[in-house]
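Engineer: In our numbering, the protein residues as written are 1 to 92. Submitted below is the structure of interest, expressed as structure tokens.
Below, the structure is given as structure tokens:
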């Protein structure tokens, strides 16, 4: 992973690298929630392309990816129950 971070810093500067890192953080958290397993770089990159805009995406595709992210976040929030901020769940 350290080599991948170095590669990202070489490719992206400043804000771009930060955006890329935040996307990967989100993707890894989502995949870890779903599988509980360690997430490989290839799987994470594929998932990031599913949920985050890429150069050349048309506006309707960008909007669809945004909706997919919102849906994934809502699923994770519901699964977290009372542990999520503003979460609901069975009384303890």
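Even for Gly, the Cβ is constructed at its ideal location relative to N, Cα and C.
Short of 8 Å in beta carbon distance, which residues of its chain neighbour residue 79, apart from the five on each side in sequence? Order them along the chain.
Structural biologist: 33
Engineer: Here's the rule: buried if 16 or more other CB atoms are within 10 angstroms of the residue's CB, otherwise exposed. What is residue 75?
Structural biologist: With fewer than 16 Cβ atoms within 10 Å of its Cβ, residue 75 is classed as exposed.
Engineer: Could you tell me whether the Cβ atoms of residue 28 and residue 44 are closer together than 8 Å?
Structural biologist: yes
Engineer: Tell me whether residue 39 counts as near the ligand ADP, meaning its Cβ is closer than 7 Å to at least one heavy atom of that ligand.
Structural biologist: Looking for the ligand ADP in the displayed structure turns up nothing, as the structure carries no ligands at all.
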